[in-house]
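Take a look at the structure set out below.
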Amino acid sequence: MSHATLLIVTGPNRGARFDVEPDGDDTIIGRSVGTRIRVDDTEMSRRHARVFYDGRDFRLQDLNSANGTYVNGRRQSDVILHHGDSLRLGNTRLTFQTAVDQSTPATPSNSVHFVDDSKSGQHSAIIQQLHAASGSSESVWPDRRSGLELLYQVAEELVHPTHATPALLHRILCLTLDAVRADRGCILLRESTGGELTPIVFHRRGASDDANEQMPISRTITGYVLQHGKAVRTSDASVDTRFDGGNSILSSGIREAICAPMRGQEELIGVIYLDITTHLTTDATVARAPTDASKGRLTDEHLRSVLAVARQSALAVEARRFHDAFLKAERFAAMGQTITVLSHHIKNILQGVKGGGFLIQTGLDKSDEEMIRQGWGIIERNQNRINQLVMDMLSFSKERMPVLKADNLNKVCEEVAELARTTASENDVSFEFRPGEHVPLAEFDHEGIHRAVLNIVINAIDAVSERDDGIVVLQTSYDRGTDVMLVAVTDNGPGIPKEQRQVVFNVFESSKGSRGTGIGLPVSRKIIREHGGKIKIEGAPGEGTRFVLSWPRGNPKTETIRLDGMTEVSD
C-alpha cells in the first residue's frame, strides 16, 4: 500500500509538500492552527477539506467550506483522487500525487552506449532530414490525428509542475515511442562543458525497462545532427554498408532510426534518438523485406512529429534550467543582503559593548563606581539587543508548527508588559497595559505569542521615543462573534502611510536606522500566520499607529484563572 503527497503549486505556501499516509490520521487542510496542512490563505476556511484513505482509494471531502473545494475545475463535496489531480481551495492550488507514479526512471548510463560506425570515404544512408529551425514552424506539425494527439499529450506533460526533469523526459519519451511505434528510445543532453552527450532516460516500448539491455547509439548520426542541426531519418541499417563489422549497429539488429535535435532558444541542448529492431507484422501489413529501405515503418510524418516534440522538450528543459539558475541567484542575493545587514547591526552592537567596556575599564582605573555602573548598563543593553537579534533570526529562518496549549492571553501580555515597562522607562515613554475583561482561555503557543506581541510593543516604543509625550498602550480582548483572540498595540507616533504598511513587514526593512534590525515585524507576522491569524495596521500619518493582532481561539478544554481572580471554564 503506497502513500500519496499533496504539493502546493500556487498560494502563500507554494512549494510545500505534505505526505498523506493510508494508515495515518485524516489529513485536514485549512487555515486554522492545528490542521495537518495549514495554509495562510484568507479565502480558505479554517477546516476546509480532508483527505483520507477509505481502504481502497484516497478521497477528498469538503468540510462545508465557505468557498467550496474544486478538483480539476469542478466543485466537489466527496470525490476519489487520482494521480495528477489539481485541487483548488480558496486561492491555493495543490496537486495530488501517488508515490507509484512519482518514481524517477533509473539512470540509463549502463543501458546506452555509443558505437563508432564511421568509415573513411563513406556516407550514412540518410533518406530524409529536416532543419531544427523547422520545429517552430507550422509546416512541421503533422496532419495525422495521431501526431496532433502526441503534441497535445506532450504539452500537457510540459506544464505539469510536479515532474522532475528526468521524470518529465521519460514520460515524453514513452508518449513519443507509443505514437511513432518505435521499439526503443533515449534522450541525451549535452554537458555544459565539453558538449559531450550524456544519456538521461531510456525506454523500450511494450516492456518494463531492463537494466541489462544495451542500446547502441550511432556516433555518426548524432554527430551529424548536432553539427548540422537537422533531424534525420535513416534507412534500414541492414542494407547500409556503413554498419558492418562486429561492433556495429547492424549486429544489434537495428533496422531504422530517427534522431532529432533538441534546440532551445540559444543552442542545441541534446537529441532524441529512436530506433526499430523488429519487423512490422500486423493483420493489415505483412513483414516487409529488410532490403526495402523506402518502405520502412518510420515515415516523414514521424520525423516531423519527433522534431516538434524535441523542440518543445528542449524549450521546457531550458526554461527549467533558467528557473533553477534564477532561484540560485536569488538565494545568493538574499544571502548577500542578509550578511550585509546583519554585519551592520552586529557592528553597531559591538561598538556599544566596546564603549561600555571602556567606561568599566576607566571606572576601575579611577575607582569610580558610578562610571562602572554606567558602563555595565551599556553592556547589558547591548547583550539584550544581541539576544533579541538571535531569537528573531531563529524564529524567522525556519518553518515551525506552534506548540498549542490552553493558556491565558492576559497573563502572557502581562509578562510582555513587565519587560516593556523597563524599556519604556529608559526612553521616557509612558506605557500602559489594559487587560480585557472576560477574555477566555485560548489555545496558542505561549512563547510564540509572547515574542510576536513583544516585538510589536518594542517597535511602538521606538516609534515614540523621540517625542516628549510618547505613549504606548497594550490591550487584549476577545471577539465572541468570530471566536477570535485580539491584541492591540497603540502609539501616538508619526503614523504609517497606507502605501508603506506592507513594506514594514519585509525582512530588513527598518525606519529606525541603526537602532532597528528589520526582523521584528516580519517575525511577528510569521508567528501570527502560523496561528492562522493576521496583523492589521490602523491609523494615519499624524494620528499614531495601531497594530491589531488576531487569530482563532482554538478549542481549549480546561479552566483558567483570570487576572482579576475569576475562574473561566472553556467550552
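Going by numbering that gives the first Met the number 0, the sequence shown opens with residue 0, and the numbers climb by one from there.
A virtual CB, placed ideally from N, CA and C, is assigned to each residue, including glycine.
Remember, predicted model here, so these are calculated numbers, not experimental data.
Pairing V522 with E195, the inter-Cα distance amounts to about 48 Å. In this model, V488 and S464 are separated by some 15 Å (Cα to Cα). For I460, the enclosing alpha helix (DSSP H) stretches over residues 445-463. Between the alpha carbons of A3 and R35 lies a distance of about 14 Å.
By the criterion of at least three beta-carbon pairs nearer than 8 Å, the segment 148-155 is in contact with the segment 305-319. The beta carbons of L408 and V438 sit closer together than 8 Å.
Secondary structure note for H202: its beta strand (DSSP E) is the uninterrupted segment 196-203. According to the DSSP assignment, G519 belongs to the alpha helix (DSSP H) that extends over 519-529. Per DSSP, P165 is one residue of the alpha helix (DSSP H) stretching across 164-179. In this structure, DSSP gives L150 a helical state, which the three-state scheme calls helix. By a beta-carbon distance limit of 8 Å, L172 contacts G184. Their separation comes to about 5 Å. Membership of V415 in the alpha helix (DSSP H) is indicated by the continuous run 408-425. In this structure, Q96 sits near L6, with a CB-CB distance shorter than 8 Å. Judged by DSSP in its simplified three-state form, S304 adopts helix. Beyond the five residues adjoining it in sequence on each side, E529 comes within less than 6 Å, by CB distance, of P401 in the same chain, given in chain order. A buried status is given to I275, since no fewer than 16 other beta-carbon atoms sit within 10 Å of its beta-carbon.
From the listed residues Q226, R320, T175, G193, the smallest Cα separation to A163 is found for R320. In the structure shown, the three-state DSSP call for E537 is strand. Between A65 and G29, the alpha-carbon positions lie close to 12 Å from each other. Classified as buried, V352 has 16 or more neighbouring CB atoms from the shown chains inside 10 Å of its CB. Excluding its 5 nearest sequence neighbours in each direction, V78 has C-beta neighbours in its own chain below 6 Å: L59, V70, listed in chain order. Taking I348 as the centre and dropping the five residues before and after it, the same chain places the C-beta of N381, R384, I385 closer than 7 Å to its C-beta, in chain order.
Looking from the CA of T481, the closest CA among W550, I378, A324, D490 belongs to W550. For G222, the enclosing alpha helix (DSSP H) begins and ends at 218-227. Between the C-alpha atoms of L302 and L62 there is a straight-line separation of about 51 Å. Here V231 is buried. Its C-beta has 16 or more other C-beta atoms within 10 Å. About 20 Å separates the beta carbon of T421 from that of G492, a gap too long to meet the 8 Å contact definition. With 16 or more other Cβ atoms from the protein chains shown falling within 10 Å of its own Cβ, R524 counts as buried. For S476, the enclosing beta strand (DSSP E) stretches over residues 470-478. Between the alpha carbons of I378 and A48 lies a gap of roughly 53 Å. The DSSP-derived three-state label of T9 is strand.
In this structure, V472 lies near E431, with their beta-carbon atoms less than 8 Å apart.
E255: member of the beta strand (DSSP E) spanning 255-262, first to last residue. For the 8 Å CB-CB criterion, V179 and T221 do not form a contact. The continuous beta strand (DSSP E) containing E431 extends over residues 429-433. Around the beta carbon of V502, a 10 Å sphere encloses fewer than 16 other beta carbons of the protein chains shown; the residue is thus reported as exposed.
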